[in-house]
Structures are given as C-alpha cells and as structure tokens.
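Residue 45 in the UniProt record's numbering is what sits at position 45 of the sequence shown, and the numbering runs on without skipping anything. We put the CB at the ideal spot given by N, CA and C, even for glycine. Every value quoted in this text rests on a predicted model; they were computed, and no experiment measured them. Okay, so here's the structure we're looking at.
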Amino acid sequence: MMHVTDCHAAYGDRYARTAGPEPTGAGSTFLMEGVRTMSGRLIARLSGTATALATAVVLVAATGATPAQAVSIGDFTGYAGYVKQAYDAYQKFFGGALTLDQATTQIENAITAAKSEILNEIDAVQAADVQACARSAVIEVADIRVLSPDNRQAFAAATTSCVTLAQADVNAFSDLHAVDSVGFALNTVGPIALFARTYAGESTVLLKSTLVSAEQSTINRLTPHCFGTPLWGDTEPGAASVEVQLQCTAFNGTSGFDSVFIKLKRGQPLPPLNYSYAIEQAMTATSYPVAEAALPLLAG
Numbered sequence: 001m002m003h004v005t006d007c008h009a010a011y012g013d014r015y016a017r018t019a020g021p022e023p024t025g026a027g028s029t030f031l032m033e034g035v036r037t038m039s040g041r042l043i044a045r046l047s048g049t050a051t052a053l054a055t056a057v058v059l060v061a062a063t064g065a066t067p068a069q070a071v072s073i074g075d076f077t078g079y080a081g082y083v084k085q086a087y088d089a090y091q092k093f094f095g096g097a098l099t100l101d102q103a104t105t106q107i108e109n110a111i112t113a114a115k116s117e118i119l120n121e122i123d124a125v126q127a128a129d130v131q132a133c134a135r136s137a138v139i140e141v142a143d144i145r146v147l148s149p150d151n152r153q154a155f156a157a158a159t160t161s162c163v164t165l166a167q168a169d170v171n172a173f174s175d176l177h178a179v180d181s182v183g184f185a186l187n188t189v190g191p192i193a194l195f196a197r198t199y200a201g202e203s204t205v206l207l208k209s210t211l212v213s214a215e216q217s218t219i220n221r222l223t224p225h226c227f228g229t230p231l232w233g234d235t236e237p238g239a240a241s242v243e244v245q246l247q248c249t250a251f252n253g254t255s256g257f258d259s260v261f262i263k264l265k266r267g268q269p270l271p272p273l274n275y276s277y278a279i280e281q282a283m284t285a286t287s288y289p290v291a292e293a294a295l296p297l298l299a300g
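Dropping the structure here:
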C-alpha cells in the first residue's frame, strides 16, 4: 500500500495545496520518464526546457549526493541579479553603507546589465496596468537624478501605485500563471519605487511593509504541492529504514525531486519531512524564489 504525506504535515498551510495533475507534455521544465532510487535502478531523465542548473540539481538529488545549499538570488545574473542588486543598493543606502548617489548608480548599472531580461519579464505580465507601469518605471528611473521636485513626487506616486496594483493582483488572480507573472513585475518596480520615494523626500516605511506582504502572498499563492512516497520495492528484507521519494509539483507542471531514508514500518504514516530541496527545484523558473530571496533584503 502506498502512503503519501502532504507538505502540510511538515510546514503547515504554507505548503498545503490540492494535488494537481502530473507534469505531461513538452512544455514542462522537467518531464519525468523514470525515477531512480538512491539504491540505484532506474535513472531519472529530464527533457523539455530545463536549464543546465536545474538539470544539475535534479541529478544530484537523483543520485543521492549531498544536496547543495539552497540557491540564493545572489547566485543568479539577469533578472534575478537585477532584483538582488537593486534591493541590496537600497538596503546599503538605508544602512549608511552607500550614499544615495552611489546606490542610484548601483541600481542603474543593474538595470543596464539585465535590461533585456527585465523587459522580457515585464512583457509576459498578464495584467495590462501592471505591465505598463512597470515598464514605465524602468524607463523613467534613468532620469531620477534630474527630475524636478514636482516630477519626483509624481514618479514616486506612480511607482508606489504600481506596487499596490501588483500586490492586489497577486492576491486576487485565480490563475497562478498570472500571479507568477505579476510577481516578476512586483520585484521590477519595487526597488525603483523605494528610490523614487527617497528622492521625493517621502517615507518608505509603508511601502516596504507593502512589498513584504506582497512577497509573502506570492510565496503562499505559488507554493507547490508536495508529497512523499516510501519505495518499499527497493527495501531489502529486514532493513531498518526505507527510502522515501519526495516530490513537489509547481502550478506550471514542473516537478522537483529529492529522497531521504527514514525508519518506518509498513502501514505507518510518514512523519514530517523536509521538502525544501524539491521545492527549490520545482520553482526554479518562477517568481517564487525571487520573492523568497527579496524578503530578507526588504526586512533588513
């Protein structure tokens, strides 16, 4: 008899999600054609649009090697690199490590280095108003130093409104693909709004709390469905432990895998398990890890 445990057992409501269909079709980031256990029989093959990084981490899990540390947003370039550099610049300015001019230069350089990736994410946003205001923010921030006081206030108001629109959409959309796309827009305009309000001489306290709330909502809405399956067929007679395959499946059909050995007898329910590595794999190409990595930068 197969025993399955939901993430709720380990993490509470944050990781609870109704089971969805298994990933099928070429559009999935990983398409599981077989699952290899740590004891060794059938290797998991990955097909579709998996990145080299995603392939590497899945193979590490499949072969039983020690899982890597959770990937930080600071390990990425492109869009994720922009988000890290932009929030980091504001955090350092707020903490006195950078002047406003130095922090502005850092965010400008981050935008320049990843402009095409940023605009690609904006173009994919499934909310026209958020898409428009996020693109406008990326364009206008280049002139933030030379704006008149009135225009600085107008820019601060526009970018703040964009953040609140994104926050509302993250909570309101029923389509999780749309939530994901707005999550990217949120972290495009978020750091720009912080700088815009600073240049306008306005408080950023409520904006930061709004961003934190929106990041948490993004994480909660996109949290994948996770479960564990004891591989009794691979267990030697009399063995003291059984291998449990851990699987998390994201809203887009992408699955992440891991496995652990635990002491368990047939018929017993699974204890709380750590799905963080499988979650990381499943959510690699979404705004979920961006939101997770942005939270400590906003809280600092």
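Glu280 classed as buried or exposed, judged by whether at least 16 other C-beta atoms fall within 10 angstroms: buried
Whether Leu98 touches Ala110 by CB criterion (8 Å): no
Euclidean distance between Cα positions of Val130 and Tyr275: 33 Å
Sequence-distant residues of the same chain with beta carbon closer than 7 Å to Lys263, five excluded per side: Ala240, Ser241
Rounded separation between Leu147 and Ala196 - CA only: 10 Å
Where Gly190 falls: helix, strand or coil (DSSP): helix
Limits of the unbroken beta strand (DSSP E) element including Phe227: 225-230
Residues of its chain near Ala250, where Cβ-Cβ distance is below 6 Å and the 5 sequence neighbours each way are ignored: Pro224, Ala282, Met283
Cβ shell of Phe184 (< 6 Å), same chain only, five flanking positions each side left out: Glu121, Ser287
Residues of its chain near Phe173, where Cβ-Cβ distance is below 6 Å and the 5 sequence neighbours each way are ignored: Val179
Separation of Thr254 from Leu194, as counted between CA atoms: 33 Å
Segments assigned alpha helix (DSSP H), at least 4 residues, entirely inside the region 86-132: 100-113, 115-123
Pro272, buried or exposed, once every other Cβ within 10 Å from all chains shown has been counted against 16: Here Pro272 is exposed: its Cβ has fewer than 16 other Cβ atoms, across all protein chains shown, within 10 Å.
Reduced DSSP secondary structure (H/G/I, E/B, other) of Ser213: helix
Pick from Phe257, Ile219, Ala132, Thr159 that is closest to Leu176, judged by C-alpha positions: Ile219
Continuous beta strand (DSSP E) stretch holding Gln281: start and end: From DSSP, Gln281 is part of no beta strand (DSSP E) but of the alpha helix (DSSP H) over 276-282.
Identity of the residues DSSP links to Phe257 by a beta bridge: Paired residue(s): Gln247.
Sheet register partners of Ile262 (DSSP bridge): Val242
Own chain residues within Cβ distance below 6 Å of Pro289, not counting five before or after: Met283
Cβ separation of Val182 and Val125, assumed to be a contact under 8 Å, to the nearest whole Å: 6 Å
Terminal residues of the alpha helix (DSSP H) in which Ser148 lies: Looking at the DSSP string, Ser148 is not in any alpha helix (DSSP H), and its letter there is neither H nor E.
Helix, strand or coil at Asp175 [DSSP, three-state]: coil
Own chain residues within Cβ distance below 7 Å of Thr204, not counting five before or after: Leu194, Arg197, Thr198
Inter-residue CB distance, Val212 and Ala299 (contact presumed, cutoff 8 Å): 7 Å
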